[in-house]
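Asks: Have a look at the structure that comes next, please.
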Amino acid sequence: MANPTENQDLLLEEGIQFHEIWELIKKRRMIVYYFAGFVLLAALIRVQLQTPLFMARGTLLIEKEGRGQMNLLSQNYYEPDWANEYLNTQIRVLTSRSLAKKVIGELERLPGQESRKPAAKPGSLQKILGSNQKDPDPEQQLAGAASGFLGGLGVSNIPDTRLLEVSYVSPDPKMAAHAVNTLFDKFIEFNLEMKAESTKQAAEFLTAQIEEMRRNLAQKEQELQEYGKRKELYYIRGEDSTVVQKLSDLNSAYTAAQIERINKEAVFRELKGKPFDNYPDVRVNSLIQGLKQEFSTRESEIKKKSQIFQESYPEMQRLRSQQEGLQKRINSETADIARKSLNQAEAEYQAALKKENYLMELLNQQKGSVVSSNADAIYYNSLKIEVQNMTNLLDFLTRKQKESMLSSRLDGLQTSNIKIVDRAEIPTRAFSPNKQRTLLLALMLGLGGGIFLIFALNYLDNTVKSPEEVEKLLHLPALGFIPAVGAKPGQSYYQHYYSDRKKQQSEQKLKAVEFVNLNDPESTFAEHYRNIRTSLLLSTPAAPPKVMVVTSALPQEGKTVTVVNLAVAFTQLGKKVLIIDCDLRRPRLHKIFRIKNLAGVTSFLVGRSRLEDILYRYPNEPNLHVIPSGPIPPNPVELIISKGLGEMMAKLRQHYDFIFIDAPPLMGISDAILLGEHADGLLLVAWGGKTPRKVIEKAKNEIEKYNVKLFGLILNKVNMRRFAYAYSSYNYKYGAYREDDEKRGEA
Numbered sequence: 023m024a025n026p027t028e029n030q031d032l033l034l035e036e037g038i039q040f041h042e043i044w045e046l047i048k049k050r051r052m053i054v055y056y057f058a059g060f061v062l063l064a065a066l067i068r069v070q071l072q073t074p075l076f077m078a079r080g081t082l083l084i085e086k087e088g089r090g091q092m093n094l095l096s097q098n099y100y101e102p103d104w105a106n107e108y109l110n111t112q113i114r115v116l117t118s119r120s121l122a123k124k125v126i127g128e129l130e131r132l133p134g135q136e137s138r139k140p141a142a143k144p145g146s147l148q149k150i151l152g153s154n155q156k157d158p159d160p161e162q163q164l165a166g167a168a169s170g171f172l173g174g175l176g177v178s179n180i181p182d183t184r185l186l187e188v189s190y191v192s193p194d195p196k197m198a199a200h201a202v203n204t205l206f207d208k209f210i211e212f213n214l215e216m217k218a219e220s221t222k223q224a225a226e227f228l229t230a231q232i233e234e235m236r237r238n239l240a241q242k243e244q245e246l247q248e249y250g251k252r253k254e255l256y257y258i259r260g261e262d263s264t265v266v267q268k269l270s271d272l273n274s275a276y277t278a279a280q281i282e283r284i285n286k287e288a289v290f291r292e293l294k295g296k297p298f299d300n301y302p303d304v305r306v307n308s309l310i311q312g313l314k315q316e317f318s319t320r321e322s323e324i325k326k327k328s329q330i331f332q333e334s335y336p337e338m339q340r341l342r343s344q345q346e347g348l349q350k351r352i353n354s355e356t357a358d359i360a361r362k363s364l365n366q367a368e369a370e371y372q373a374a375l376k377k378e379n380y381l382m383e384l385l386n387q388q389k390g391s392v393v394s395s396n397a398d399a400i401y402y403n404s405l406k407i408e409v410q411n412m413t414n415l416l417d418f419l420t421r422k423q424k425e426s427m428l429s430s431r432l433d434g435l436q437t438s439n440i441k442i443v444d445r446a447e448i449p450t451r452a453f454s455p456n457k458q459r460t461l462l463l464a465l466m467l468g469l470g471g472g473i474f475l476i477f478a479l480n481y482l483d484n485t486v487k488s489p490e491e492v493e494k495l496l497h498l499p500a501l502g503f504i505p506a507v508g509a510k511p512g513q514s515y516y517q518h519y520y521s522d523r524k525k526q527q528s529e530q531k532l533k534a535v536e537f538v539n540l541n542d543p544e545s546t547f548a549e550h551y552r553n554i555r556t557s558l559l560l561s562t563p564a565a566p567p568k569v570m571v572v573t574s575a576l577p578q579e580g581k582t583v584t585v586v587n588l589a590v591a592f593t594q595l596g597k598k599v600l601i602i603d604c605d606l607r608r609p610r611l612h613k614i615f616r617i618k619n620l621a622g623v624t625s626f627l628v629g630r631s632r633l634e635d636i637l638y639r640y641p642n643e644p645n646l647h648v649i650p651s652g653p654i655p656p657n658p659v660e661l662i663i664s665k666g667l668g669e670m671m672a673k674l675r676q677h678y679d680f681i682f683i684d685a686p687p688l689m690g691i692s693d694a695i696l697l698g699e700h701a702d703g704l705l706l707v708a709w710g711g712k713t714p715r716k717v718i719e720k721a722k723n724e725i726e727k728y729n730v731k732l733f734g735l736i737l738n739k740v741n742m743r744r745f746a747y748a749y750s751s752y753n754y755k756y757g758a759y760r761e762d763d764e765k766r767g768e769a
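Next up, the structure:
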């Protein structure tokens with residue numbers, strides 16, 4: 023599989039070539055046609071087989087609930103969240119199984135609908151299982167019918183309104199409308215039943231709560247009276263007591279002690295981390311300042327006398343001794359003063375810490391006293407509050423009980439907050455399938471999928487198909503390309519064929535592809551070889567290369583065919599050209615030129631033949647000479663690296679204008695690299711659209727590793743029909759440019 027980054031290099035480096043994309047799609051358009059046709063056919067079959075479905079629609083209005091029996095336990099009437107909670111709750115009720123079962127039962131009682139269940143969408147549980155069950159259980163049958171009903175039901179909120187749109191899909195248009203309208207009626211009925219049930223439950227709940235509350239209130243009132251008499255507490259004073267005031271004073275003192283301790287600790291830690299010389303007491307001490315002044319005087323005196331006396335002079339030694347004594351005294355006094363300052367700071371810090379801890383203990387003790395003294399009063403007050411709350415709650419429950427009793431008497435006058443805005447009408451047109459939309463979507467999907475398939479196949483192609491890709495992906499000079507011919511079964515992939523006019527010519531003229539440049543010089547193939555010839559003539563600035571090694575990355579790339587046709591192209595310039603078969607492993611030139619391979623390169627290198635004895639002139643082209651390989655040796659590499667090959671090439675350079683060396687493929691064999699040392703450079707031949715890019719890159723790296731010049735790459739056997747999008751700019755006749763090409767070669 024191709025590397026994605028490699029396949030994208032062309033687009034990333036040079037931008038998207040839209041004309042190439044168009045040519046790619048146009049060339050492989052049959053893939054798009056077949057894929058789109060398949061998708062259209064599948065969609066058409068599905069549309070024809072699909073049962074027509076009808077959709078009936080209706081609209082409900084969900085109003086706010088006012089103050090009433092649904093809110094007996096609320097002090098203020100309920101305001102639902104219309105955007106989210108309340109409407110979503112109503113939608114869930116509409117799509118509930120219990121409501122669906124009620125609708126199913128009602129629909130079965132309609133005239134002409136006995137034992138008829140609402141049809142579900144194809145593929146629903148009812149559709150799949152209903153007809154195959156033997157003697158189904160009534161509950162299971164009803165559950166299956168409810169599932170089928172919910173499968174065809176749709177409920178949605180109309181944005182920014184309190185309206186719900188309800189739809190139902192069925193193969194029967196009348197059933198679709200009846201299902202929606204029956205659902206509306208059952209939903210309103212269900213809503214009223216829920217309100218009545220809620221009122222009944224609220225009344226029962228209130229009665230039970232009032233009885234229990236009365237018992238609890240009586241018990242609490244008795245407990246309050248007994249506790250007040252026992253503790254002699256009848257009310258709580260609002261002003262602060264002495265205990266509380268003392269607690270406040272201690273809290274303020276403790277806060278001040280904390281601040282003092284923090285300041286003392288900061289001073290102590292700052293001194294502890296400083297050198298003695300930087301202590302404030304040291305810097306302002308008069309004794310130390312006087313000693314430092316005297317030390318500076320001695321140092322100035324030593325500097326003056328050092329210009330007169332040597333260090334060993336007694337006076338100098340005396341002064342040095344006095345200076346050292348002063349320094350020791352300065353250090354001693356500094357250390358003493360600094361230690362005293364540090365000890366004093368630490369003592370102040372410890373004293374502040376003890377004070378803080380002491381005040382904290384007093385504060386905690388005072389807090390305990392406050393709690394203890396007020397515990398009885400606080401408990402008594404809490405009992406009073408509890409009794410008052412229970413009294414208020416009992417009054418509230420009694421009032422709600424009266425409202426509940428009144429609501430229960432008005433059950434027949436209840437109204438629902440749910441209104442029907444539009445009842446469903448019987449649909450006249452099928453909702454599904456929408457043939458036009460389905461086929462249009464299928465066509466778009468088919469076209470898009472076909473184009474995607476084209477790009478996917480092209481994306482997975484890891485070969486090189488055009489000279490542009492050679493230069494942009496492989497970073498190699500593209501010398502040209504040779505189109506492939508012949509595509510009939512039994513033909514060689516690279517076999518030349520001729521028109522009826524050519525077939526009538528003399529049978530003595532060779533018609534092999536190796537001599538297409540000689541036998542049909544006006545053909546497109548011959549012109550491609552002449553283009554490669556021009557590229558080689560202009561490949562070096564000073565002078566065209568004289569000796570060229572032609573090789574390939576893999577076998578069967580067509581390098582030998584390329585050697586012969588290139589040699590013929592150079593002879594057409596009137597130049598003397600030599601072809602040397604140095605493929606000492608699988609030689610082929612002697613078969614092409616119909617010469618014996620008894621003597622050649624190998625026999626010359628081992629000293630059995632002279633150079634003039636192995637040179638053969640091709641009779642159909644006087645300027646073309648050939649040296650066959652000779653007998654296949656057991657050690658080709660040893661012969662190639664011998665001195666004899668260099669001597670042979672030196673002599674041949676003097677007698678020929680151009681020399682082409684046919685070398686073995688590069689992969690796993692070093693013959694071509696070794697032959698490149700005796701040539702001006704190498705030509706690399708690759709099968710266009712077949713040789714993997716990685717293989718070509720490996721061959722290129724192998725050549726560059728040994729500092730052998732690589733003139734460029736020739737794409738061979740290029741299938742012009744398969745890769746027409748890559749060669750659209752090359753589809754023209756080259757014969758009009760032949761004369762200019764020959765003039766450039768002669769120059």
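Position in the sequence shown (from 1) plus 22 gives the number in our numbering.
In this text, a Cβ means the ideal position worked out from N, Cα and C, and glycines have one as well.
1) Could you tell me how far apart the beta carbons of Pro652 and Ala621 are, in whole angstroms, since I believe they sit closer than 8 Å?
2) Taking just the CA atoms, how far does Val585 sit from Val648?
3) Leaving aside the five residues before and after Lys143 along the sequence, list all residues of the same chain whose C-beta is less than 7 Å from its C-beta, in chain order.
4) Just reading off the beta strand (DSSP E) that Phe76 is part of, what are its end residues?
5) Kindly list the residues whose CB is nearer than 7 Å to the CB of Leu164, restricted to its own chain and excluding five residues on each side of it in sequence; keep chain order.
6) On the three-pair Cβ rule with 8 Å, is the segment 576-585 touching the segment 652-668?
7) Since Phe290 and Glu368 are thought to touch, with beta carbons under 8 Å apart, how far apart are those beta carbons, to the nearest angstrom?
8) Would you grab the beta carbon distance between Ile113 and Asn179 for me? Rounded to a whole angstrom, and I think it's under 8 Å.
9) Can you grab the Cα-Cα spacing for the pair Ser528 / His550, in whole Å?
10) Just verifying my parser: in three-state terms, what is the DSSP assignment at Phe503?
11) I need the straight-line Cα distance from Leu475 to Gln70, nearest angstrom please.
12) Among residues of its own chain, excluding the 5 on either side of Glu719, which ones have a beta-carbon nearer than 8 Å to its beta-carbon?
13) Report all residues from its chain with a CB closer than 8 Å to the CB of Glu282; omit the five preceding and five following residues, and keep chain order.
14) Given 8 Å as the limit, is there contact between the segment 537-548 and the segment 672-691, that is, 3 or more CB pairs closer than that?
15) For the beta strand (DSSP E) containing Lys441, list its first residue and its last residue.
16) For Tyr56, count neighbouring Cβ atoms within 10 angstroms of its own Cβ and tell me buried if that reaches 16, exposed if not.
17) Taking a contact to mean a Cβ-Cβ separation below 8 Å, would you say Leu121 touches Lys208 in this structure?
18) Once you ignore the five residues that flank Glu321 on each side, which residues in its own chain have a CB closer than 6 Å to its CB?
19) Mapping the DSSP letters down to three states, classify Ser189 as helix, strand or coil.
20) Of all the options Arg608, Gly176, Lys389, Gly80, which has the alpha carbon lying nearest to the alpha carbon of Ile448?
21) What are the partner residues of Thr556, as DSSP defines its beta bridges?
22) Between which residues of its own chain and Leu309 is the CB-CB distance below 7 Å, once the five residues before and five after are set aside?
23) If you follow the beta strand (DSSP E) that Glu733 is part of, which residue opens it and which one closes it?
24) Do Phe626 and Ile636 have their beta-carbon atoms positioned less than 8 Å apart in this structure?
25) How would you label Leu63, buried or exposed, when you count the other beta carbons within 10 angstroms and need 16 or more for buried?
26) In terms of residues, what are the limits of the alpha helix (DSSP H) holding Ala122?
27) On the three-state DSSP scale, how would you describe Phe453?
28) Cutting at 7 Å between CB atoms, please list the residues of its own chain near Gln349, excluding the five before and the five after it.
29) Over the uninterrupted beta strand (DSSP E) stretch that includes Phe680, give me the two end residues.
30) Does the segment 451-467 touch the segment 37-51, meaning 3 or more C-beta pairs lie closer than 8 Å?
31) I believe Thr713 touches Thr485 by the beta-carbon criterion, under 8 Å. Please report the beta-carbon distance rounded to the nearest angstrom.
32) What's the gap between the Cα of Gln60 and the Cα of Met742?
33) Using DSSP bridges, identify the partner residues of Asn179.
34) Going by DSSP, what residue range makes up the beta strand (DSSP E) through Thr573?
35) Using the Cα positions of Tyr249 and Asn414, report the straight-line distance between them to the nearest angstrom.
36) Between the beta-carbon of Ile504 and the beta-carbon of Phe547, is there less than 8 Å?
Replies: Checking against the coordinates, here is how it stands:
1) It is worth fixing the name first, because residue 652 is Gly in this sequence and not Pro. Yes, Gly652 and Ala621 are in contact; Cβ-Cβ is about 6 Å, under 8 Å.
2) 11 Å
3) With a pLDDT of 47 at Lys143, under the threshold of 50, the modelled position of this residue cannot be trusted; read the value that follows with caution. So the qualifying residues of the chain are Gly173, Gly174, Val191.
4) 76-84
5) Lys123, Ile126
6) no
7) 5 Å
8) 7 Å
9) Low per-residue confidence applies at Ser528: pLDDT is 35, beneath 50, and the placement is therefore not dependable enough to give any value.
10) strand
11) 28 Å
12) Leu496
13) Ala374, Lys377, Glu378
14) no
15) 440-444
16) exposed
17) yes
18) none
19) strand
20) Gly80
21) In DSSP, Thr556 forms no bridge with anything.
22) Glu355
23) Rather than Glu, the amino acid found at residue 733 in this sequence is Phe. 732-740 is the span of the beta strand (DSSP E), which, as asked, contains Phe733.
24) yes
25) exposed
26) 119-130
27) coil
28) Phe317
29) 680-684
30) no
31) 6 Å
32) In the sequence on display, residue 60 carries Phe and not Gln. Taking the straight line from one Cα to the other gives about 29 Å.
33) Leu186
34) 569-574
35) 22 Å
36) yes
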